[in-house]
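Participant: Every letter in the sequence shown is one number past the one before it in full-length UniProt numbering, and letter 113, counting from 1, is 113.
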Amino acid sequence: MYSRAMLSALEPEPPASSDTTLLESHMDSWSGICVAVHRTPPQFTDVEIVSAYDLLCLHLDCATSVSYHSAGQTSTVYSQPGTLCLHAKQESRQVRWEAGIVTTMHLYLSPALLTRTIVENSALDPARVELVGRLNFQDSLLQHLLLALRDEFLADDLFGQAYQETLSATLAHHLLRHYATRPLHMPTTPGNLSWQQVSRVRDYIYDHIAEGVSLTGMAATLGFSISYFTRLFKEATGISPYQYVIQCRLERAQHLLQDPRLTVAEVAQQVGFTDQSHLHRHLKRSLGLTPSDIRRVEREGKNIQKM
């Protein structure tokens, strides 16, 4: 995990007084990503970008002209909200813009995430596959994935570890398919999961429901890679793995809420939500009921429509 000071070594930034950090996560071993959102005033002098990780940047607001200088060449582009830049690791670039306060999202990808994605989805040698730097481009899927990750961290991990793993795995696979020296190709998916296999995954979820149920652990239960498991599981159940985890947590929460000795906070903790507000939001979204509503309905002997 990386502190603010350690991140500054990965991406040199303007002085702290001129740069506002709106969001910052840590580099987690299971997701393989680190997310930061910065709001920075105009830069009239070059700011050097050198990262130990592959770095994907998303322009969030304030259209402006941006100048990039690298390897003796300078290019000036018009960057607007939704524009992406991919900076390959150890690649040195100087950047400047002279108008407007710019908000950008930075996503760092660990080598371990990219290596795992390559090994699980191809016969390629990870040492021979690298992401290729690219400036000022549009990619609607990458933009969607980045914004979903930002919203997840802003919501304090609302959907949990399995959801973040799904997003980061999808993002890594997309980058390696479209922006690498040797592109990955999606393997075909024969067959489907049996109900016995789905049951094994369900048992794994319930055995670890109070913990951070990981997509890696779910896939390992069947001996599959993350991407292969995710596709098969959705075909078999009609929902993604992280949605299934949420469903299992809410089912268990409904059962535990019948015990008046447990507080709502204790129920939330026992089913793997970070706090009772997360449980409240998910129950309200799924059933239209709060924990208090569920307890009242149970006391009145009425039935709650199951999910």
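For each residue, glycine too, the CB sits at the ideal point set by N, CA and C.
1) Tell me the DSSP secondary structure of cysteine 248 in three-state form.
2) Can you tell me which of the three DSSP states serine 70 falls into?
3) With DSSP as the reference, please indicate the residues paired to arginine 96 in a beta bridge.
4) Which residues mark the beginning and the end of the beta strand (DSSP E) in which aspartate 54 is found?
5) Bridge partners of histidine 106, per DSSP?
6) State yes or no: is the C-beta of alanine 162 within less than 8 Å of the C-beta of leucine 113?
7) Can you list, in chain order, the residues of its chain with a C-beta nearer than 8 Å to that of proline 260? Leave out the 5 residues immediately preceding and following it.
8) Name the one or two DSSP bridge partners that threonine 237 has.
9) Are the CB atoms of leucine 142 and arginine 182 within a distance shorter than 8 Å?
10) Quick check on the DSSP output: what are the complete alpha helix (DSSP H) runs of length 4 or more inside the UniProt domain "HTH araC/xylS-type" (199-297), in order along the chain?
11) How far does the alpha helix (DSSP H) with threonine 115 in it reach, from first residue to last?
12) Is it true that the stretch 135-155 meets the stretch 82-91, where meeting means three or more beta-carbon pairs spaced less than 8 Å apart?
13) Measure the C-alpha to C-alpha separation of leucine 10 and phenylalanine 273 and round it to an integer number of angstroms.
14) What is the DSSP secondary structure of tyrosine 179, counted as helix, strand or coil?
15) Identify which residue in Ala180, Val201 and His26 has its Cα closest to the Cα of alanine 36.
16) Expressed to the nearest angstrom, what Euclidean distance is found between the alpha-carbon atoms of lysine 89 and arginine 252?
17) Taking 8 Å as the threshold (beta carbon to beta carbon), is arginine 231 in contact with chain B?
18) For serine 292, count neighbouring Cβ atoms within 10 angstroms of its own Cβ and tell me buried if that reaches 16, exposed if not.
19) Rounded to whole angstroms, what's the CA-CA distance from histidine 185 to threonine 166? Just pull it up for me.
20) Looking at C-alpha atoms only, which residue of Gly288, Gly133 and Ser110 is the closest neighbour of glycine 32?
Facilitator: Judging by the given coordinates:
1) If you number the sequence shown from 1, residue 248 lands on position 248. Looking at cysteine 248 - three-state DSSP - the assignment turns out to be helix.
2) By one-based count along the sequence shown, residue 70 stands at place 70. Strand at serine 70.
3) Indexing the sequence shown from 1 puts residue 96 at position 96. Looking at the DSSP assignment, arginine 96 forms a beta bridge with Ser67.
4) On the sequence shown, position 54 is the one that residue 54 refers to. Note, aspartate 54: beta strand (DSSP E), 54-61.
5) For this step, residue 106 is matched to residue 106 along the sequence shown. Note: histidine 106 sits in a beta bridge opposite Ala36 and Cys57.
6) By one-based count along the sequence shown, residue 162 stands at place 162. By one-based count along the sequence shown, residue 113 stands at place 113. No. Outside cutoff.
7) Position 260 of the sequence shown holds residue 260. If we look at proline 260 and ignore the five residues flanking it on each side, its Cβ neighbours are Arg295.
8) Within the sequence shown, residue 237 is the residue found at index 237, counting from 1. Its beta-bridge partners do not exist; DSSP assigns none.
9) Sequence index remark: in the sequence shown, residue 182 carries index 182 (1-based). Sequence index remark: in the sequence shown, residue 142 carries index 142 (1-based). Cβ distance not < 8 Å, so arginine 182 and leucine 142 don't count as in contact.
10) 215-222, 226-237, 241-256, 264-270 and 276-287
11) Translated into positions along the sequence shown, residue 115 becomes position 115. Unbroken alpha helix (DSSP H) run through threonine 115: 111-121.
12) yes
13) Within the sequence shown, residue 10 is the residue found at index 10, counting from 1. Within the sequence shown, residue 273 is the residue found at index 273, counting from 1. Only weak support exists for where leucine 10 lies, its pLDDT of 39 falling under 50; the value from the coordinates is given anyway. The alpha-carbon atoms of leucine 10 and phenylalanine 273 are separated by roughly 32 Å.
14) The count along the sequence shown starts at 1 and reaches residue 179 at position 179. Coil, per DSSP.
15) Start at 1 with the first residue of the sequence shown, and residue 36 comes out as number 36. Nearest option by C-alpha distance: His26.
16) The residue labelled residue 89 in the question sits at position 89 within the sequence shown. The residue labelled residue 252 in the question sits at position 252 within the sequence shown. When rounded, the distance between both Cα atoms is 44 Å.
17) Reference to chain B is not applicable here, since this structure consists of a single protein chain.
18) The residue given as residue 292 occupies position 292 in the sequence shown. So serine 292 counts as exposed.
19) Working through the sequence shown from its first residue, we reach residue 185 at position 185. Working through the sequence shown from its first residue, we reach residue 166 at position 166. Answer to the nearest angstrom: the Cα atoms are 18 Å apart.
20) Position 32 of the sequence shown, counting from 1, holds the residue named residue 32. Among Gly288, Gly133 and Ser110, the Cα nearest to that of glycine 32 belongs to Ser110.
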